[in-house]
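Take 631 as the starting number for the sequence shown in this note's numbering and just add one per residue. Ideal placement from N, C-alpha and C gives every residue a C-beta, glycine not left out.
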Amino acid sequence: MADLLGSILSSMEKPPTVGDKESRRKAREQAARMKKMHEAEKKNKADFRKKMEKEVSDFIQDSTQPKRKYAPMGKIERSILHDVAEVAGLTSFSFGKDEESRYVMLFKKESAPTDDELEAYRKGEEWNPRVAEQRRRLKDAAHTLEANSTYGLPVANKRDKRSIEEAMNQIRAKKRQKLEEPVGPDAGGSSHS
631 MADLLGSILS
641 SMEKPPTVGD
651 KESRRKAREQ
661 AARMKKMHEA
671 EKKNKADFRK
681 KMEKEVSDFI
691 QDSTQPKRKY
701 APMGKIERSI
711 LHDVAEVAGL
721 TSFSFGKDEE
731 SRYVMLFKKE
741 SAPTDDELEA
751 YRKGEEWNPR
761 VAEQRRRLKD
771 AAHTLEANST
781 YGLPVANKRD
791 KRSIEEAMNQ
801 IRAKKRQKLE
811 EPVGPDAGGS
821 SHS
């Protein structure tokens, strides 16, 4: 048994030794490159954050702009912009279907977007209040028609124009009329309810 194990172990390649000068040098070079890349990335993020802080500050001071749309950007940049907007007290949303086309929109608190406006941006459409109002009216009309067809009532009969008092008086009158009407062939004595 020992011979079999020994032959297997001797046939396997040995791992590189720790004392190998070339491999240690390569590991140090790679570690230095990685550190340099991380530092450059960290600096780029800090520079981008400063740039966004300046842009957001300018946006807040510009009273003519209720919202601002940014060009598409990467996930990390969007995250930084959302953070800057939150700190500044703004509302921010990301829109776009795929990662390359996602962009950020900032809204001032006093002109926060409506649900319809957000829905339009999510669909990739430009927001137009007139078009949204037309769509809302069409949707309401379609809902009314659907309800009318469900209950089988013509639109003219759908709304009761009477006041509560008038409706109650008519109901009482119908009940009195039923009580006064004779029921069946022997209209004389007994009434069935």
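Euclidean distance between Cα positions of residue i and residue j
i    : j    : result
S823 : R766 : Note that S823 scores 46 on pLDDT, short of 50, meaning its location in the model is unreliable; the coordinates nonetheless yield the value given after this. About 49 Å.
D713 : D677 : 15 Å
E763 : K675 : 42 Å
Q807 : K769 : 43 Å
A662 : K672 : 15 Å
K886 : D650 : Residue 886 is absent from the structure shown; the chain starts at 631 and stops at 823.
M667 : S693 : 40 Å
V761 : E729 : 28 Å
G704 : M664 : 21 Å
K805 : E796 : 14 Å
Residue i and residue j closer than 7 Å at C-beta
i    : j    : result
V734 : R708 : yes
P696 : K738 : yes
Y700 : F725 : no
L736 : L720 : yes
I710 : R679 : yes
S731 : P759 : no
Residue i, buried or exposed, once every other Cβ within 10 Å from all chains shown has been counted against 16
i    : result
S722 : buried
S637 : exposed
A803 : exposed
M798 : exposed
M682 : buried
A670 : exposed
N- and C-terminal bounds of the alpha helix (DSSP H) containing residue i
i    : result
Y751 : D745 to R752
S687 : K651 to Q691
D713 : K705 to A718
8 Å CB neighbourhood of residue i in its chain, flanking five on each side removed
i    : result
S640 : none
Same chain only: Cβ atoms within 7 Å of residue i, ignoring 5 sequence neighbours per side
i    : result
S741 : P696 and K697
A715 : V686, S722 and L736
F689 : Q695, R698 and L736
A718 : V686 and I690
Where the beta strand (DSSP E) containing residue i begins and where it ends
i    : result
K697 : K697 to K699
L736 : Y733 to F737
S793 : That residue, S793, is in no beta strand (DSSP E); it is neither H nor E in DSSP.
S722 : T721 to F725
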